[in-house]
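**Student:** Sequence lines, in order, name chains A and B.
Every position in the first sequence, counted from 1, becomes a number in this note's numbering once 345 is added.
Every position in the second sequence, counted from 1, becomes a number in this note's numbering once 345 is added.
In this text, a Cβ means the ideal position worked out from N, Cα and C, and glycines have one as well.
Number of protein chains: 2
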Amino acid sequence: MNKVITLNSRPVGKPQLSDFKFEEVEMPQMKDGEVLLKTKFVSVDPYLRGRMSDAKSYVPPFELQKAMSSGVVAEVTESKNDQFKVGDFVSGSLEWKELQSVNPEHLTKVDDQIAPLSNYLGILGMTGLTAYLGLTEIGKPQKGETILVSGAAGAVGSVVGQIGKILGCRVVGIAGTDEKVEFLKSEFGYDDAINYNTTENMTKAIAEACPNGVDVYYDNVGGDISDAAHTNINRFGRVIVCGAISTYNETEVPTGPRVEGFLIKKSVLMQGFIVSNYAEKFPEAVKQLAQWLAEGKLKSSETIVEGFDQIPQAFIDLFSGKNTGKMIVKI
Amino acid sequence: MNKVITLNSRPVGKPQLSDFKFEEVEMPQMKDGEVLLKTKFVSVDPYLRGRMSDAKSYVPPFELQKAMSSGVVAEVTESKNDQFKVGDFVSGSLEWKELQSVNPEHLTKVDDQIAPLSNYLGILGMTGLTAYLGLTEIGKPQKGETILVSGAAGAVGSVVGQIGKILGCRVVGIAGTDEKVEFLKSEFGYDDAINYNTTENMTKAIAEACPNGVDVYYDNVGGDISDAAHTNINRFGRVIVCGAISTYNETEVPTGPRVEGFLIKKSVLMQGFIVSNYAEKFPEAVKQLAQWLAEGKLKSSETIVEGFDQIPQAFIDLFSGKNTGKMIVKI
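#1: Let me know the alpha helix (DSSP H) ranges lying completely inside the stretch 599-628 of chain A, each 4 residues or longer, listed in chain order.
#2: Looking at chain A, is there any beta carbon in it that lies within less than 8 Å of the beta carbon of A554(B)?
#3: Measure the C-alpha to C-alpha separation of S463(A) and V418(A) and round it to an integer number of angstroms.
#4: Along chain A, which residues have their Cβ under 7 Å away from the Cβ of K488(B)?
#5: Check each candidate in I468(B), E440(B) and G666(B) and name the one with the smallest Cα separation from Q636(B).
#6: Note down, in chain order, each residue of its chain lying with its Cβ closer than 6 Å to the Cβ of K671(B), except the 5 sequence neighbours on either side.
#7: Which residues, taken in chain order from the stretch 534-560 of chain B, show a beta carbon closer than 9 Å to some beta carbon of chain A?
#8: Write down every uninterrupted run of the beta strand (DSSP E) in the stretch 410-452 of chain A whose length is 3 residues or greater and which is fully enclosed by it, in chain order.
#9: Relative to the C-alpha of E420(B), which candidate in T522(B), K401(B) and D457(B) has its C-alpha closest?
#10: Less than 8 Å between CB atoms is the rule here; does N622(A) satisfy it with respect to chain B?
#11: Can you tell which of K366(A), E369(A), A498(A) and L409(A) has its C-alpha closest to the C-alpha of A538(A)?
#12: Determine contact between the stretch 377-389 of chain B and the stretch 438-446 of chain B, defined as no fewer than three beta-carbon pairs at a distance below 8 Å.
#13: Threshold first: 3 residues or longer. Then list the beta strand (DSSP E) segments lying entirely within the stretch 497-572 of chain A, N to C.
#14: Counting only beta-carbon separations shorter than 8 Å, does L493(B) have a partner in chain E?
#15: In chain A, which residues lie less than 7 Å from R603(B) when you measure between Cβ atoms?
#16: Tell me whether D523(A) is buried or exposed, calling it buried when 16 or more other Cβ atoms sit within 10 Å of its Cβ.
#17: Can you tell me the Cα-Cα spacing of F695(A) and Y562(A), whole angstroms?
#18: Flag this pair as yes or no: are the beta carbons of I551(B) and N579(B) separated by less than 8 Å?
#19: Tell me which same chain residues have a C-beta within less than 6 Å of the C-beta of L452(A), skipping the five on either side of it?
#20: So T491(A) is in the beta strand (DSSP E); what residue range does that whole segment cover?
#21: Determine the DSSP secondary structure at M397(A), reduced to helix, strand or coil.
#22: Along chain A, in chain order, which residues have C-beta atoms closer than 8 Å to that of A589(B)?
#23: Could you check what DSSP says for I661(A) in three-state terms: helix, strand or coil?
#24: Which whole-angstrom value describes the C-beta separation of S531(B) and G567(B), a residue pair presumed to lie in contact below a C-beta threshold of 8 Å?
#25: So I619(A) contacts chain B; which residues on that side make the cut at Cβ distance below 8 Å?
#26: Who are S388(B)'s beta bridge partners in DSSP?
#27: Could you tell me how far apart the beta carbons of G588(A) and G496(A) are, in whole angstroms, since I believe they sit closer than 8 Å?
#28: Show which residues of chain B have a CB atom less than 9 Å away from the CB atom of Q616(A).
#29: Kindly list, in the order they appear in chain A, the residues whose Cβ is closer than 7 Å to that of V586(B).
#30: Can you find a heavy atom of the ligand MG that lies under 7 Å from the Cβ of E647(A)?
#31: Along chain A, which residues have their Cβ under 9 Å away from the Cβ of Y403(B)?
#32: Would you give the residue range spanned by the beta strand (DSSP E) that G582(A) belongs to?
#33: Could you check where the alpha helix (DSSP H) with L474(A) kicks off and where it finishes?
#34: Ends of the beta strand (DSSP E) at N668(B)?
#35: Do T351(A) and E369(A) have their C-beta atoms within less than 8 Å of each other?
#36: Between the beta-carbon of L480(A) and the beta-carbon of V559(A), is there less than 8 Å?
Right under this line is the structure:
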């Protein structure tokens, strides 16, 4: 039998294991043109929380009692498609199933000789693209400017900081444990980092870590941390609004200081970023990321959890920051 | 003797007449290179409220017991400068004085044969430039898109709507009285308009007036009205944050729904706009505005109050929306 994870109920507040259901289903029947895929790595990402709710967004919500899906790397184990042969690896948006038969037209072949397969869900996948394209297309950092990153030890944040350094900027990160803060500085080249859980006055701490102010704020978390970041933003600053994980589990509309004041006073740009809007730039961006990775200028950071059964828990753990770098489940 | 209006005290909340002081000072002494100016028209603008507080902003605060200043059109009555002769009219940032002697290097000559002098403080001055450059540089409206304007009957808003129509958009305005709503439609070509003072559910009213959603939101007011506007914004929408008059007199940091959610979900851009950032585009923009004005495509709308003594009250009246179009004091 084949295993699948479905959406059992829409979470209220923080997602629970009971919001997911493990089911056994029949083995997939292959059609002409399809490939049979064995799941190797599954990506869990904060944005999936939005799809578990029944709210209108840029991607439709998951359906109740239907399979969950996310970024997956899989191996072709049977093929009825000339373009794909047994033993090929592919990445793409796939269901949380051990085995599935699909038409591979939206899948991308990936090569485990170039990089470890999990990298295609991280630094060479959506994560790396989000970091690179958000920073360069909206943030447009200039050499010598200061970039502040929230969720800096997370999947996207750990890459943003490294790219900021490659581009010649001062890079300051915000994370939730002392270990992460140390890791940001020792592994990812952050010039400075702040532990928001042990810092009383974030506004002051950011001001001290960013003596020339903040030119680019790459925001993955929203909430109070962003309020403190906004206070330190420079004239003509750019805020890349990439994520707001601190608010994803709130059941009421989150409120906070209105932004219009600092946007006007400092001529600041704030823009919501969704990586799929920049699809035509993916090939060039992946090429650049792969080159930096090969040159050793960029390091991949992954937290890998093992076991198909662990996918829901790995997802839930994102909200308590259990991961450093990209959270991936190895099957 | 010469009259001057100084800042007597920094307002707490809504400005009061007692925050200003009328003084009599000696007649100005002219230096070489200066011109003696007689004030003809004085512009009062919401942004001056910010300068009356002691907070850091894009322009320094007014100093206590020193003259207030704003956009002024004046007549040269004596000249010790070869470039300016008696009878010339100039516009620029000048003090609230009946007479003043200044070096005219930052002043612009204006011609009362091309347009009434007050227009150089309105549609051909900062107001028109703010409307045109904010809309085109940040809003970038495409033909057929919907533009929503708050403070639509105000100085900037009344021009934004007209330019939106020239550019082939659907234009919907928000104002505070039925008279203004009618005026928006009959005089400024707005396709529809909403009275926020008599509308219970602004979110629904905007949705009805903008059946295709809001592509560009030109925001002059902030606060609750903007919350309703944000709810109706389309994917890839642009929010020009030009003013937040609804919050200028608040003594606490104004709070409201956080914006990160809709910015991300809809890939929206929100940008603070200050007209002076676009100074290099002024000549071209004024030329375009003057051409539309001459062709009758653009109408000037001004509320003119008479008397030097009336400047503070005219300014205070901005916050209760007593003006339609540009508020100007004629001396």
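**Tutor:** In short, the structure shows the following:
#1: 605-610
#2: It does not; no Cβ of chain A falls within 8 Å.
#3: 7 Å
#4: Ordered by position in chain A, no residue passes the 7 Å Cβ test against K488(B), which lies about 22 Å from the chain.
#5: I468(B)
#6: G467, T472, A500 and E647
#7: Taking 9 Å as the Cβ-Cβ cut-off against chain A, none of the residues of the stretch 534-560 of chain B qualify.
#8: Taking only runs of at least 3 residues, the beta strand (DSSP E) segments lying wholly in the stretch 410-452 of chain A are 414-424, 434-440 and 444-447.
#9: D457(B)
#10: yes
#11: A498(A)
#12: Flag = yes, the stretch 377-389 of chain B and the stretch 438-446 of chain B touch.
#13: 515-520, 537-540 and 559-564
#14: Structure shown: chain E not included; protein chains present are A and B.
#15: G567, T592, P599, T600 and G601
#16: exposed
#17: Because residue 695(A) is not part of the residues shown, which for chain A are 346 to 676, the question remains open.
#18: The Cβ atoms of I551(B) and N579(B) do not sit closer than 8 Å to each other.
#19: V435 and G437
#20: Here the beta strand (DSSP E) through T491(A) covers T491 to V494.
#21: helix
#22: For A589(B), the residues of chain A that pass the 8 Å Cβ criterion are R603, E605, G606 and I609, in the order they occur in the chain.
#23: helix
#24: At roughly 27 Å, the Cβ-Cβ gap does not stay under 8 Å, so S531(B) and G567(B) are not in contact.
#25: I609 and S612
#26: According to DSSP, S388(B) bridges with I673(B).
#27: 7 Å
#28: L608, S612, V613, L614, M615 and Q616
#29: E605, L608 and I609
#30: Among the components of this structure there are no ligands whatsoever, and the ligand MG is therefore not found.
#31: R580, I609, K610, K611 and S612
#32: I578 to V586
#33: First-last of the alpha helix (DSSP H) with L474(A): M471 to L478.
#34: Counting along the chain, N668(B) falls outside any beta strand (DSSP E), and DSSP gives it neither H nor E.
#35: No.
#36: no
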